[in-house]
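Each residue of the sequence shown is one higher than the one before, counting from 0 in numbering that gives the first Met the number 0.
Okay, so here's the structure we're looking at.
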Amino acid sequence: MDINSQYVNMPQNDLHQIEQVVREYEGSGKGLAHGLQKDAIQNGFGARLIENESRACKTWKFAFELLEINGEPALTFWDEGTTGLTGDILSVEEIERMSAEGKLTPEQNLSRFLTRFESGGNLGAGSFGRGKLIFQGASKTSSIICDSLRSDDRKYIAFDRKIVGTKLVQQRVPLQGDEAKEFIKKAANSALMPLASSGTRITILNLKDEIADAVKKSFNPTDDNDYSNDFIKMIEETWWEIIKFGAKIYVKHRENTRLVELTDPLKSIADCRDNQNGYRVYSKELIPVVIGNETYRIKELKYVVAPNPIDEDLREIWIQRKRMKIGSISKNINPHYTIHKRFCGYLVLEPKLEEIILLAEGTTHYGFNLNRKGIKQIRDIIRTELDNFQQKLGLRSISPESASRQDMLDAMKEINEAAQNLGLLTEFSIGPKSREIEVDT
Numbered sequence: 000m001d002i003n004s005q006y007v008n009m010p011q012n013d014l015h016q017i018e019q020v021v022r023e024y025e026g027s028g029k030g031l032a033h034g035l036q037k038d039a040i041q042n043g044f045g046a047r048l049i050e051n052e053s054r055a056c057k058t059w060k061f062a063f064e065l066l067e068i069n070g071e072p073a074l075t076f077w078d079e080g081t082t083g084l085t086g087d088i089l090s091v092e093e094i095e096r097m098s099a100e101g102k103l104t105p106e107q108n109l110s111r112f113l114t115r116f117e118s119g120g121n122l123g124a125g126s127f128g129r130g131k132l133i134f135q136g137a138s139k140t141s142s143i144i145c146d147s148l149r150s151d152d153r154k155y156i157a158f159d160r161k162i163v164g165t166k167l168v169q170q171r172v173p174l175q176g177d178e179a180k181e182f183i184k185k186a187a188n189s190a191l192m193p194l195a196s197s198g199t200r201i202t203i204l205n206l207k208d209e210i211a212d213a214v215k216k217s218f219n220p221t222d223d224n225d226y227s228n229d230f231i232k233m234i235e236e237t238w239w240e241i242i243k244f245g246a247k248i249y250v251k252h253r254e255n256t257r258l259v260e261l262t263d264p265l266k267s268i269a270d271c272r273d274n275q276n277g278y279r280v281y282s283k284e285l286i287p288v289v290i291g292n293e294t295y296r297i298k299e300l301k302y303v304v305a306p307n308p309i310d311e312d313l314r315e316i317w318i319q320r321k322r323m324k325i326g327s328i329s330k331n332i333n334p335h336y337t338i339h340k341r342f343c344g345y346l347v348l349e350p351k352l353e354e355i356i357l358l359a360e361g362t363t364h365y366g367f368n369l370n371r372k373g374i375k376q377i378r379d380i381i382r383t384e385l386d387n388f389q390q391k392l393g394l395r396s397i398s399p400e401s402a403s404r405q406d407m408l409d410a411m412k413e414i415n416e417a418a419q420n421l422g423l424l425t426e427f428s429i430g431p432k433s434r435e436i437e438v439d440t
C-alpha cells in the first residue's frame, strides 16, 4: 500500500478562520467597517487599467451602495475603469493543480480571487489576499455574491461564496454569460442588474449592523461624525492621496449619493504651506535610507503643526503605500507637548523601499513590526527630522518619560474639568452640577 494513501487533508473550520480575521481587524483599533472599505478600494485600485496612479484617477471609479436584499441590509461595491477578473476560467481542481505547480501567475486574477490566500498580483500589493476574508466576515451569515465583466474578452461571470456547516464553499466553476446574469438577478432578488461596464462587484448579504450604521451616519449631518464612525470619513482618511488626484469614490444609500471629498483637517494638511493660515510645515524630499549595503529613498517627508487640535486618528506619523494610508510608525517618538495635539506627518517611499517595508506590515495593513528590516532606519530618520523641525519652531526635544508625564497631566486636567461640570469632587473643588448633563448609574 502506498503510504501517501493513508493521508488526507487536515480538517479546517473555515468559520473560525473568518472569525479570527474579523478579530484581527477589530483589534487593530479601526474596526470592521474601516477595514472593509480599505480592502475593497485597495483591490479595486489595484485592478485599474492605467498603471500611472495620477492618470488612472481621471477614469477609475469606485462605489459603495447600502441597500436591502430579501429584507436584510446588504452592501454592494464595484469598480470601473478596471480589468475585471481576467485570466483563464478554471475549475477548482484545475486551480489547485496550477497553484501546486506555481503557475498561478499575476495574469490569473480570477483564479487567484477564487483561492484563499493567493495575492492578486495586480498593481495593488496584497490585493485579493488575506483581506478578501473580511468580506465574508462582514456578513452575519458569511455570504457574498460576486460578478465581473472582463475587459479583455468581455465575458460576464458570476458566483457566490458562503458557509455550509463550517466550510467555505463556492461554485466549482464560475457561471458565464446569460446563466451568470440570471444567477445575479435571482441571488439578489432583482435588487442587482448585471454589470454594464468592465469591472468587478462584490455584494455582502446580511450585512453586520456596525457597517450599515457607519454608512448611514455618512448621511446624517446631526451625528458626531469622525474618522472612527463615519464610513465616508474612513474612506477619506485612508485614500486622501488618490482623492487629491481626482479619484471618484461614491457612497450611496437609498436616493442619496455622496462623492467622497477631502475636508478639513485632511484637506489643509495635504495642501498647507509653512506660515500660511496658521500652519507650520516641515518637508524634505529624496532622503537617503541605508539598509545593509543598499541605499533607498524616502520620496517625501512632511510634518504639519495645525493652528488647532486635530482628530486623534491623525496625531501620528504614518506611511503612505500605494497611495493608501498605513498605520503609525512613530510609536514612542513624541512631539513636544505644546504641539502634540496639533501635530501629524507622513512619509511617501520610493517603490523599492515600499517593498522592504511591506514585509514589516501587519496582516491588516494598520501597523508595523518595529523590529523588522528597514523600520529602525526609517524611525531614526523621522526622529532626527522631528528634532530639526522642533528646533526650527524654537522647541527643545523632550524625553518619552516627559512626554508621558505631560500626557497624564493633560488627561487629569480634562477629567477635572469634566468632573466639575458634573458636580463631582475633584482635586480642586466640588463644581456646580450642570443641568445639561445627567449621570446614569
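We put the CB at the ideal spot given by N, CA and C, even for glycine.
Secondary structure at residue 12: coil, using DSSP grouped into helix, strand and coil.
As DSSP reads the structure, residue 264 sits in no beta bridge.
When the five nearest sequence neighbours on each side are left out, no beta carbon in the same chain lies closer than 6 Å to the beta carbon of residue 266. When DSSP states are grouped into helix, strand and coil, residue 282 belongs to the strand group. Shown here, residue 287 sits in a strand according to DSSP, grouped into three states. Within the same chain, and ignoring the five residues on either side of residue 387 in sequence, the residues whose Cβ sits closer than 8 Å to its Cβ are 281.
Remark: C-beta atoms of residue 143 and residue 210 do not approach each other more closely than 8 Å. Rounded to the nearest whole angstrom, the CA to CA distance from residue 53 to residue 315 is 25 Å. Under the Cβ criterion (8 Å, minimum of three pairs), the segment 315 to 332 counts as touching the segment 359 to 366. When DSSP states are grouped into helix, strand and coil, residue 21 belongs to the helix group. CA-CA distance, residue 195 to residue 148, rounds to 8 Å. Taking 8 Å as the cut-off, the beta carbon of residue 320 is found closer than this to the beta carbon of residue 357. Residue 76 sits in a strand when the DSSP states are folded into three classes.
Taking 8 Å as the upper bound for CB-CB distance, residue 336 and residue 317 are not in contact here, some 21 Å apart. In the structure shown, residue 332 falls within a coil segment according to DSSP collapsed to helix, strand and coil. Between the alpha carbons of residue 250 and residue 33 lies a distance of about 14 Å. Between the segment 68 to 76 and the segment 99 to 111, the count of C-beta pairs closer than 8 Å stays below three; the two stretches do not touch. Of the candidates 73, 40, 212, the residue whose Cα lies closest to the Cα of residue 80 is 40. Between the alpha carbons of residue 141 and residue 134 lies a distance of about 8 Å. Excluding sequence positions up to five before and after residue 360, its CB lies within less than 7 Å of the CB of 325, 367, all in the same chain and listed in chain order. Taken atom to atom, the span from the alpha-carbon of residue 159 to that of residue 101 is near 26 Å.
Per DSSP, residue 93 lies in no beta strand (DSSP E) segment; the continuous alpha helix (DSSP H) that holds it begins and ends at 91 to 99. Taking all protein chains in view, the Cβ of residue 111 is crowded by 16 or more other Cβ atoms within 10 Å, so the residue is classified as buried.
Of the residues 342, 372, 343, the one whose Cα lies closest to the Cα of residue 354 is 372. Of the residues 384, 245, 24, the one whose Cα lies closest to the Cα of residue 261 is 245. The straight-line gap separating the alpha-carbon atoms of residue 47 and residue 27 is approximately 28 Å.
The shortest CA-to-CA distance from residue 340 to any of 374, 305, 348 is the one to 305. In the three-state DSSP reduction, residue 277 falls in the coil class, being neither helix nor strand.
Rounded to the nearest whole angstrom, the C-alpha separation of residue 161 and residue 83 is 21 Å. Shortest Cα-Cα distance from residue 43 to any of 198, 378, 272 involves 198. Residue environment: residue 221 is assigned as exposed (fewer than 16 neighbouring CB atoms within 10 Å of its CB, all protein chains considered).
Within the segment 230 to 261, the complete alpha helix (DSSP H) runs of at least 4 residues fall at 230 to 244. No residue range can be given for residue 106, since it is assigned to no beta strand (DSSP E) and is classified by DSSP as neither H nor E. Apart from the 5 residues on each side of it in sequence, residue 156 sits with its Cβ closer than 6 Å to the Cβ of 147, 173, 175, 179 in its chain, given in chain order.
For the pair residue 74 and residue 61, the CB atoms are not nearer than the 8 Å cut-off. DSSP lists 344 as the bridge partner or partners of residue 316.
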